[in-house]
Every structure is written in structure tokens, then in C-alpha cells.
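Participant:
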Amino acid sequence: MTTTATTRTSVRSRLLHDRLGLVSMAILLVLILAAVFGPMLSPYDPNSQEHDLLLPPSGAHLMGTDSLGRDVFSRVLNGTRVSVAVGIGVALIGGIVGTVLGLLAGFFRGWIDDVISRLVEVQWAFPELIAALVIVSILGNGFGNVILAISITYVDDFARLVRGETLRLRDSEFVTAARVIGMRKTPMLAREVLPNAFGPIIVQATSAVGAGILGEAALSFLGLGVAADTPTWGLILSDSRDFFHSAWWLAVFPGLCIMITVLGTNLFGRALQRSFGTSEAL
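Here the sequence shown is numbered in my numbering, starting from 37 and rising by one per residue.
(1) Buried or exposed, going by whether 16 or more other CB atoms sit within 10 Å of the CB of Ile186?
(2) Would you call the segment 262-275 and the segment 200-208 touching, i.e. three or more CB-CB distances under 8 Å?
(3) Measure the Cβ-Cβ separation of Asp81 and His97 and say whether it is below 9 Å.
(4) Thinking C-alpha only, which one of Gly218, Ala253, Ser208, Glu252 is nearest Ala233?
(5) What's the C-alpha gap between Leu318 and Leu91?
(6) So, under 8 Å CB-CB, Ile132 and Ala141 are touching, yes? Tell me the CB distance rounded to an integer number of Å.
(7) Helix, strand or coil for Thr212 per DSSP?
(8) Quick one: measure Cβ to Cβ for Ser78 and Ser110, integer angstroms, because I've assumed they're closer than 8 Å.
(9) May I ask you to report which of helix, strand or coil DSSP gives Thr101?
(10) Rounded to the nearest angstrom, how far is the Cβ of Ile237 from that of Val191, given a contact under 8 Å?
(11) Can you tell me whether Glu86 is buried or exposed? The criterion is at least 16 other CB atoms within 10 Å of its CB, across all chains shown.
(12) Pick out whichever of Arg55, Leu51, Asn302 has its Cα sitting closest to the Cα of Gly246.
(13) Suppose the cutoff is 6 Å on Cβ atoms and the five residues either side in sequence are ignored; what does the same chain contact list for Glu164 look like?
(14) Excluding sequence positions up to five away, which residues of its chain have a Cβ less than 7 Å from the Cβ of Met37?
(15) Could you say which of Asn83, Leu51, Ala71, Val112 lies nearest to Pro290 if we only look at CA atoms?
(16) Taking Cβ to Cβ, would you say Ala241 is nearer than 9 Å to Ala71?
(17) So, with DSSP's three-state summary, where would you put Asp54?
(18) Give the straight-line distance between the Cα atoms of Arg117 and Glu252, rounded to the nearest whole angstrom.
(19) If distances are taken between C-alpha atoms only, which option among Asp275, Ser274, Leu169, Val59 comes closest to Ile183?
(20) So, using beta-carbon positions, are Ser60 and Gly313 closer together than 9 Å?
(21) Taking the alpha-carbon positions, what's the Ile166 to Glu157 distance?
(22) Under a Cβ-count criterion, where at least 16 other Cβ atoms within 10 Å of its own Cβ denotes burial, should Arg196 be classed as buried or exposed?
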């Protein structure tokens, strides 16, 4: 039977006794609730231009209004869903592709490892934002294209991590025992190697969620994000560029949302790292 470094119970217990972990979970819970129920709780239509222009924060408009008379709070609340969806999409796509490549490279070695490692090294040589800009410029704007572009830039992080874990596990006792009883390589990877590498993968995935949200904000700020009529945190920041001095709230509130979210995902990743007992850098 496969053995793991930590049981689910011990991981859960460590996580619940980690103060920073609890703080990060509270942040993520609020974020998820805002993403799910935000559109229903929004006091105004996020694209409605029926309000006075550049109103400061008040009881009627908690985060003020922008240069077109749109309620900033409603736009930030609705933008949460898009930003969170991008972050999760980046973690899923980048994680799945990178994990498969890492498993193949680390387990089969030889020419497969050489090819995958060279591709990963080439990708690693390009800064993530520059690579995402190039990909979006080729594919065009759009929700799916933004997720795909950012996901591709984080495949190498997962691939390098999983390759290292696979190299560590491929000669372990339980994998050797699986070879002795004649288990084929694909089931061996799925049943013996992958479950024991799952902890570090989850830790990396939490980091990828925050990185995906930050990447989407950067692309939207540069005008290469999702559709212009879809409110996102990065797009709201982009709209504030000409009003940094006269309307501080346009940049402060979406900027705080991005900062707190990225901080929350990174703190949660660190808490998971301590709970799983892993030492890989995020």
C-alpha cells in the first residue's frame, strides 16, 4: 500500500493551528464569497453611467464613482469573479500540463527528459509577463485567451517541481515494490508517484492562483486583458491612470484588492507548505 509523508488528518491539524494559515483562509473565504455572490450583492449595474462623475467615497457610493459615472464598488465586486476565475484557471491548466510533463520527464528519463527539460529551460528564460504579452498579442484579447496565455507561462514552474519530486520518488520502496509485482508504468505513475507528489503540487497551485490574478491585472492594465466591457481589477486600475492625483480611490481600492488577494494566496501556500512538511520554494 502507498504510504505518504503526512496523513490528511495531520495536515489538517497543522493547518488549523497555523495562525497565518487561518488568516489566509479567512481572506480566501471572503474572496470566494465575493466571487460567487458579488453580482447579487452589487448595489448598481457595474456598467451603468447614470451617476455623477468622480464622486469620492460616500454612503451612496462606498468606493466612489469613476470618470464615466460608474460605481467603483459595484465594478470591483463584479470584477472579483473574473479575477478569481482567471487565477483558478491558470492554476488548473498550468498545473495539469506542467504536472504531466514533470512526471514524464522524471520517470522515463532519457530523451523524453532531455526534450522536456530543454523546452522548460527555454520557457524559463523569458519573463512571465513578457511571454504572456506576446501570446495575447498573437491570440487576441478575451477571457479564454488571457487564461491560456498566463497558464502557458507557469507550466515550467510545475514541470520543474514535479520532475524533481518524481526523481525523488521513482526509486522509493513502494515504487520498487510496484515494479516487482509487474505494475505497468502508467498505473504506477497514477497510483504511486502522483499521490505522493500531490502536497508540493497543491502548494505550487496556490501560488499560481495569486500569480494568475496578478498577471491578469497587468495585462488588463496594459489594455490586453479580457473584453473592455467586462470589469476586472486590472481594467479598473487602467481606467484610473489619468486620475491618480485627482481621484485617488480609483486606484487605491482595486489595488488593495489585488494586494490582499495575492498576499492571501501566498500566505495560504506557505501554510500548506509547513503543513505538508515540504521545503520547495514557491
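C-beta atoms are modelled at their ideal positions from N, C-alpha and C, and glycine is treated no differently. Small disclaimer: the values here were computed from a predicted structure and weren't measured.
Facilitator: So, from the data block:
(1) Answer is buried; the Cβ neighbour count reaches 16.
(2) In short, these stretches do not touch, since the Cβ pair count stays below three.
(3) Contact flag unset, no.
(4) With distances taken between Cα atoms, Ala233 lies closest to Ser208.
(5) Confidence at Leu318 is low in this model, with a pLDDT of 43, below 50, so its placement is unreliable and no value can be given for it.
(6) Wrong, their Cβ atoms sit about 15 Å apart, outside the cutoff.
(7) For Thr212, the three-state secondary structure derived from DSSP is helix.
(8) Yes, Ser78 and Ser110 are in contact; Cβ-Cβ is about 4 Å, under 8 Å.
(9) If DSSP states are grouped into helix, strand and coil, Thr101 belongs with the strands.
(10) Their Cβ separation, rounded to whole angstroms, is 13 Å, which puts Ile237 and Val191 out of contact at 8 Å.
(11) Exposed, because fewer than 16 other Cβ atoms sit within 10 Å of the Cβ of Glu86.
(12) Of the candidates Arg55, Leu51, Asn302, the one whose C-alpha sits nearest the C-alpha of Gly246 is Asn302.
(13) The beta carbon of Glu164 sits closer than 6 Å to the beta carbons of Thr189 from its chain, once the five residues preceding and following it are set aside; these are given in chain order.
(14) Low confidence applies here, because Met37 scores a pLDDT of 43, under 50, leaving its location unreliable and the question unanswered by this model.
(15) The shortest Cα separation from Pro290 among Asn83, Leu51, Ala71, Val112 belongs to Val112.
(16) Their beta carbons are not under 9 Å apart, which means Ala241 does not touch Ala71 by this criterion.
(17) Three-state result, Asp54: coil.
(18) The straight-line gap from Cα to Cα measures roughly 12 Å.
(19) Residue nearest to Ile183 within the set Asp275, Ser274, Leu169, Val59 is Leu169 (criterion: CA-CA distance).
(20) Against a cut-off of 9 Å, the Cβ pair of Gly313 and Ser60 comes out as no contact.
(21) Those two C-alpha atoms are separated by around 16 Å.
(22) Buried, since its Cβ has 16 or more Cβ neighbours within 10 Å.
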